Structures are given as structure tokens and as C-alpha cells.
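Taking this note's numbering, the leading residue of the sequence shown gets 172, the next gets one more, and so forth.
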Amino acid sequence: MNRGRPSPTGAARFVALVPSLLLGAAALIGLTLAVLPIESMRSLAGGIRQPADVTSERVLRFRQVVGALALCAAAGCIFAVWLRRDVSAAGRSLWNQMAALLADRPAVRPALAVAALLVLPAGVLRCCYLWAPFAYDEAYSYVNFASRTWYLAISDYNSPNNHLLNTLLMCVCDRLWGQAEWALRLPVLVAGLALVVCVYRWSASWANRRTALLTASLVGCSPLLITYSVDARGYSFVALFAVLLDHSLARIETNSQRPAIDWFLAWASLVLGFYSIPVMIYPAVGIVGWFALAPLLGSAPLRRARCRKRIVELTLLGGATGVTVLLLYAPAYVFRGSLVLRNPQFGRLSVSQWVDRASVNLSTGWQDWTAGPLPWWIWLAVAIPGFLWMARDRGRLLRFGFPIVSLLAVMACQGVVPPPRVFLFLAPWWYLLVALGVDWFCRRSARPERVAVACVVGLTVLIGVYASRRPVLFLRLDRELYLSVPSGVREVRRRTDSTPGADRLLVPVPCDLPSRFYILKEGFTVPINGVPKPGETVWLFALRGSAPEVTLRNSTVRLEDWQTRLAPWVKIQQWNSLTLWRSARSPSRRAASR
């Protein structure tokens, strides 16, 4: 008995069967791979890398992964067949809503005005630093991962410093345009500009278009977000997907006109955020947390039904997200094993250590959000009216405050305190609070829209003047060290012998990996650090005019015993942050053998 439901047409029945057929095929393929003999796996590995990479431990992990994915696909196939009418209805709904969204084009003039006020200045400010020398973490991503074949880059996951989504996109850009700074930073630049657009739509859902304009302008002109929008790492992606996740779930909570699209965006934001960096756990817990608690604030008669519905929705969202993230991290788990789940940089802290470090890192994170030409007390004074407006409504306060509270709770449960850059995803929340305060002052005037536009233009001009005088906009003490590395490497190339084994370059941290990056870019070979060999000419970089002996004592060089063997040193050339030295004598065979 169909209980009054119309029987599906042939086309609808076919559409409903497509997911079940795909899932069933995936289950069969997974089960086939799980029982594949190890000799067959070695022959397949020979076409990818080396047959020796197929070890017994990796075979076991491979079978675990494909077996688990096959079971998930089989379960999904069963549910797709059982709920084929619902699956067909959901597919048609998503298709129709996507078609309606594409047909519903916004007016051209408002879109151009927003682009001129927000996206264009943000793009210009970011492009000013797009060609800056690579920093340590960027060079780490390229030298260790993105310079390799893409499937090796995303499978060699020896630590969370391999931001997989960014690494994969860097591989693509490297193959298309070569080892150029602007090309390798292009994915994060697009993410940074997309963040400005998403923040405009996101903040408009909180208050009004003036607030949206002000918030997006603050995001576009933030020295912190400008820097990370041209930093070839994954933090800008996490900030983008956190805002997109919050916006999608907020639209669902307020009875979105296109719920299928919003659910799809929420799922995609979670998946891509976790694939960017596992620290997506912090915004995910906070944003999904307020969404889970929101039905408790509704009217009592409907509360129980809404809670049951929300539990089902979040179960499906969590299951789909978990399976997809497992699939994306499967190559890394097969290749590296339990290293995927470890982070050797952070050990569990005692309570007193956690409190001390959390207070320092959170304070530093807030200082990063307020970095720039304006003093911190102006930011704080302007944000107070915004917080008072936010606190007037329980729903708004829950949505705004729960990501912050849950961040502290998750860190406390882990017993770790991540570095301040991990808190980057909360920067749009802070700028929203400031924009609400500015909007409160704008409403005190006779023409609030004009005052808001004047604030946006004034902020853009102020940041433009501020940036024009600084080769490094944010974290100057750290990033100024890298400005002279390209010039130093080019000078070494000009002076060294092309014969292998004729030269050696000693470079202190944090300039060692950027030096490797630019050596690869210049296309020559010279060993960096290590014990000098007989007959080698030893070159040395010293930081900020320090003596060569300081470099020899550096943690990556560790040649304290060689100070007398390599002295005296001849200064070759000096730049702003580096000095190039050459040892006046080559080490003897007896010294090199010690």
C-alpha cells in the first residue's frame, strides 16, 4: 500500500536507483580490493611508485580502509533502496533549487558596487604581497610535499603540517605555472577573496546590509587576513569553510527557502575544512553545537519534535561527513599509519601549564585580530555596543558565543593549546562584533548608509597607506628574515661551482627551508647543512648581521666544534636580513672524518 503517495515515474525511479547502483558498485570494488593478493598489489604499485612500498603493514591498513568503506557503501546502498522515494525527492529538490538559484541572478549595479567597495580593494591589498619571498611554513609545504607527485603529496602525511587540500592545489598550480610564488599562493588568494564575499552574505543574515558592508570591509582590510590570504597554507581555507558552515546552518535554522543547497554546503564545508587541516574540529564543534542546541530555545509544544528532527539531521550529516573524510584521508592512513592521528608538536599539558599558555595564546590571537594602524582600545570601545546588541537575544548569543566557549572546552579536553594562528577562524566573528558597534554609531546620524560607506572608504585608504610603507604587513619580526633569502641564494648560485660536491651551504633555522625552496627554483644543486666534506667550499648565511659562529651553533647546523676548522670567514655580501660568508679554507680530510 502506498498510503496515498503517487507512484514514481520511470525517470524518477531511475534517478532514485542511481545512488544505490553507485554505492553497490563501490561496495563490490571495495570488497574486491580488500581480498586482492599482495603480489597483485605490488604489481599495481609498480605503476605508481615502487613495489617495495607495498609492505605487510600497509597492506593490512589498506584492507582495513577499503573494507570499512565497502561496508559503509553497502549500508548506504541498502538505505538508498529502502528510502528510494525520499532519495529521489531529495535529488529533485537539490536539482530544482540549484536551477532556481542560477536563474535568480542578482541585480548588476548592486553587485558591481559591492565588488568595487569590497572585493577590488581586498584583491589589490593581497596582490601587493603575492610575490613576497616564501616563508618557512610555505617552503616546508612545497619542499616536502607539493614538489612531489600529487598522490605522493597527499599520502605522505607525517604530521598535520601537511595541509592536504592546500598541498593538492599547490601541486596543480605547480604543474600548470611552475614554481612561482604567485602561482603557489593562488589557491589561498582565491580562498581569501571568497572569504570576503561569504562574510558579506553571512553578516547580512545577522543584522543588515550596513553591517554586512562593514564586516566584509574589515575582513578585506585586516592585516592578519591579508597575510594569511597570501600564505600558502590551509588556515584561510578553515576560516572560509567555518563561515560557510555557520551561514548554511543558520539558514536551515531560520527555514531556508533552499534547504537542500544549504545542507549540501554544510556537508561540503565540513569535509573540505577537515581536509584542509584537522583543526577544523574547533569551529565544527562550536557551529554544529549551537545548531544542535537551537531547538531548545523554541516554543515548548514543538520543542520535542524539533529536537528529534535535529538529532536525525545531525546524525545523517555526521555520518556523511565522517565517511567522506575517511575516504579523503585513506591514502595518508595507508601510507603513514597511526601518524595520521598524532601531532608530535603538542603534548598534553598540566592544568597550570594549560591555563598559562591558553591565556597567552588567546591574548596573542586577539592582538593579531586588532593588528594594524588602529590601537587596540579603539577596537574594544567600538565592539562594546555590538556585544550589547548581541546579548539582547538568546538565539543570537548562543550562535555567537558557543563557538568561543566550545573552543575552550575542546582545548581543555585535549589538554593542549594550539598556536594563535589556529584561532584565525574566529576573526570574522570579532569583526562582526566591531561592525555592529560601528553600525550603532552610524544609526545615530541622519544618513547612516553614507556614513557606513565613508567608513569603508576611509578604512581602505588607511590600510592602503599603512601597507604601502611595509614590505611585511603582519608578523614583521619573523617574516622580515625571509626577505633576503632569494637574493642570497642567487648570489650563492653565481659564485659556486657547478661540479657536484664542490660546495656546501650552512643555513640557520628558519631560513633553511626557504633556501631549499629557492635553490630548487634557481635550478642548481648545493647541499644544505651537514658535515663539510674534504675539498668543499663552505658558504654560510648569518641572520641580521650576526657572526658566523652563531650560525654554527644553530639547532639545524650543529657545527660548534668546527669553529676553528672553518675560520677565518670572508664576508661576501650583506642584505637587510642576511649576510653571506665564505670559509677561507676547506676542511682537511682528517677533520671531516671526525
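Idealized CB from N, CA, C, for every residue including glycine.
It should be emphasised that the depicted structure is a prediction, and the values quoted were computed from it without experimental measurement.
| Asked | Found |
| --- | --- |
| Does the stretch 472-492 come into contact with the stretch 298-317, if we say contact requires no fewer than three beta-carbon pairs (one atom in each stretch) closer than 8 Å? | no |
| Thinking C-alpha only, which one of Arg675, Pro574 and Thr631 is nearest Ala387? | Thr631 |
| So, with DSSP's three-state summary, where would you put Arg614? | coil |
| Per DSSP, what kind of secondary structure is Gln524 in: helix, strand or coil? | helix |
| For my contact list, Leu677 and Val728 are in at a C-beta cut-off of 8 Å; report their separation, rounded to the angstrom. | 5 Å |
| If we count Cβ pairs, one from each stretch, closer than 8 Å, do we get three or more for the stretch 310-328 versus the stretch 663-671? | no |
| Tell me Gln745's beta-bridge partners as DSSP assigns them. | Thr750 |
| Just reading off the beta strand (DSSP E) that Thr386 is part of, what are its end residues? | From DSSP, Thr386 is part of no beta strand (DSSP E) but of the alpha helix (DSSP H) over Arg380 to Cys392. |
| Answer yes or no: do Val367 and Ala293 have a C-beta to C-beta separation smaller than 8 Å? | yes |
| Between the C-alpha atoms of Ser407 and Pro454, what's the straight-line distance to the nearest angstrom? | 13 Å |
| Note the first and the last residue of the continuous beta strand (DSSP E) segment covering Val709. | Thr708 to Leu714 |
| Quick one: is Asn426 buried, meaning 16 or more other Cβ sit within 10 Å of its Cβ, or exposed? | exposed |
| Can you tell me whether DSSP reads Trp438 as helix, strand or coil? | helix |
| Got a sec, what are the start and stop residues for the beta strand (DSSP E) Leu677 sits in? | Asp674 to Leu677 |
| With DSSP as the reference, please indicate the residues paired to Trp740 in a beta bridge. | Ser754 |
| Can you have a look at Val531 and say buried or exposed, based on whether 16 or more other CB atoms are within 10 angstroms of its CB? | exposed |
| Leu749 to Glu662, Cα distance in whole Å? | 12 Å |
| Run through the DSSP bridge pairs and tell me what Ile699 is partnered with. | Leu676 |
| Can you tell me whether DSSP reads Gln350 as helix, strand or coil? | coil |
| In the structure shown, what three-state DSSP assignment does Ile249 receive? | helix |
| For Ala554, which of Ala583, Asp610, Val581 and Cys248 has the nearest alpha-carbon? | Asp610 |
| Exposed or buried, which one is Trp373 when buried takes at least 16 other CB atoms within 10 Å? | buried |
| For Thr139, count neighbouring C-beta atoms within 10 Å of its own C-beta (all shown protein chains included) and say buried if the count is 16 or more, exposed if not. | Residue numbering for the chain in the displayed model covers 172 to 765; residue 139 lies beyond these limits and cannot be assessed. |
| Please return the same chain residues whose Cβ sits closer than 7 Å to the Cβ of Val151, not counting the five positions on each side in sequence. | Since the first residue of the chain shown is 172 and the last is 765, residue 151 is not available in this structure. |
| If we call anything under 8 Å between Cβ atoms a contact, is Leu385 one with Val290? | no |
| Helix, strand or coil, according to DSSP, for Ala503 in the structure here? | helix |
| Looking at the unbroken alpha helix (DSSP H) that takes in Phe645, where does it start and where does it end? | Unbroken run through Phe645: none, as it is neither H nor E. |
| Please state whether the Cβ-Cβ distance between Arg675 and Val636 is less than 8 Å. | no |
| Buried or exposed: Thr338, going by 16 or more other Cβ atoms within 10 Å of its Cβ? | buried |
| Relative to the C-alpha of Trp740, which residue among Ala713, Leu335 and Ile397 is closest? | Ala713 |
| How do the stretch 590-599 and the stretch 340-353 stand: do at least 3 beta-carbon pairs fall below 8 Å, yes or no? | no |
| What is the DSSP secondary structure of Gln778, reduced to helix, strand or coil? | As displayed, the chain neither begins before 172 nor continues past 765, which places residue 778 out of reach and without an answer. |
| Quick one: grab the DSSP three-state call for Tyr307. | helix |
| Please list the terminal residues of the continuous alpha helix (DSSP H) segment that includes Trp461. | Ile452 to Leu464 |
| For Asp345, collect the residues of the same chain with a Cβ closer than 8 Å to its Cβ; drop the 5 residues on either side in sequence, then sort them by chain order. | Tyr313, Ala317, Ser318, Ala354 and Leu355 |
| How long is the line joining the alpha carbons of Pro599 and Pro394, rounded to whole angstroms? | 13 Å |
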